[in-house]
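For the sequence shown, position 80 matches number 1353 in the working numbering, and the numbering has no gaps at all. Virtual Cβ for every residue (Gly too), placed ideally from N, Cα, C.
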Amino acid sequence: MFKDNQIIYRQGEIAKNFYYLKEGRVEAFVNSTDGLEKILAIYKKGEIFGEASFFDGFPRMSSAKTFSDSEIININKSDIMLYFQKEPLLALNFIELLSKKVRMLSNEIDNISFLPAEKRIAQHLLNVSLSTNCSIYCTHEDIGKAVGVSRVTVSRTLNKFSQYQWINTKYKKILVLNKNALLKFLET
């Protein structure tokens, strides 16, 4: 059992295992040399994380910490290889999972490279709300770290979206009220 805000692994470590999140929430993030933090993903119950460096043998590109009290299962190389031999379909499912993550990261690179800040925030709200039934539990700073903008820019943008009645904000909670309006905004 991991407590809230507990480090699971650190950027630069060699991966000896990857993880299955049985309960709780986990944040994957990277730190720059000047101390800035960028959130890569927030994992929920039933998701796998930490697998990329596990398979390629290179040091971990990110760190991970719990976002709440969490139950996490460690999966080592000998166990997963045995399962892959017994259940080849599991290996195919794993390849599909990795492909989806590559696609998501490629999409994020495109967004950061080409979308203005307000649209990156709208895209982030839509992406996160798809997997959480419209309720998003995070701070403005968390969103800023995820999309590469300042907390002030996030606050200003969320206030604007709130005035348009696309979202409703409360302390550490955002409720997406009108996904279609956010989608339309992204198309303009």
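query	result
Does the distance from the CB of residue 1295 to the CB of residue 1346 come in under 8 Å?	yes
Leaving out five residues before and five after residue 1280 in sequence, what residues of the same chain have Cβ atoms less than 8 Å from its Cβ?	1336, 1337, 1338
Is the region 1281-1292 touching the region 1318-1330, taking contact as three or more C-beta pairs under 8 Å?	yes
To the nearest angstrom, how far is the alpha carbon of residue 1412 from that of residue 1428?	10 Å
Go to residue 1450, then tell me how far its beta strand (DSSP E) extends in each direction, as first and last residue.	Taken as a continuous stretch (DSSP letters only), residue 1450 belongs to no beta strand (DSSP E), as it is neither H nor E.
Judging by CA-CA distance, which residue of 1353, 1299, 1305, 1322 is the nearest neighbour of residue 1343?	1299
Taking just the CA atoms, how far does residue 1301 sit from residue 1319?	15 Å
Does residue 1344 come out as helix, strand or coil in the three-state DSSP assignment?	strand
If you follow the beta strand (DSSP E) that residue 1394 is in, where does it begin and where does it stop?	Unbroken run through residue 1394 is the alpha helix (DSSP H), 1390-1403; no beta strand (DSSP E).
Count the other C-beta atoms from every protein chain shown that fall within 10 angstroms of the C-beta of residue 1437, then say buried if there are 16 or more, exposed otherwise.	exposed
Please give the ranges of any alpha helix (DSSP H) in the region 1285-1363, keeping only runs that are unbroken, at least 4 residues long and fully inside the region.	1325-1329, 1350-1359
Would residue 1444 be called buried (16 or more neighbouring beta carbons within 10 Å of its own) or exposed?	exposed
Whole angstroms are fine: how far does the CA of residue 1459 sit from the CA of residue 1409?	19 Å
Grouping DSSP H, G and I as helix and E and B as strand, with all else coil, what is residue 1276?	coil
Got a sec, what are the start and stop residues for the alpha helix (DSSP H) residue 1442 sits in?	Unbroken run through residue 1442 is the beta strand (DSSP E), 1440-1443; no alpha helix (DSSP H).
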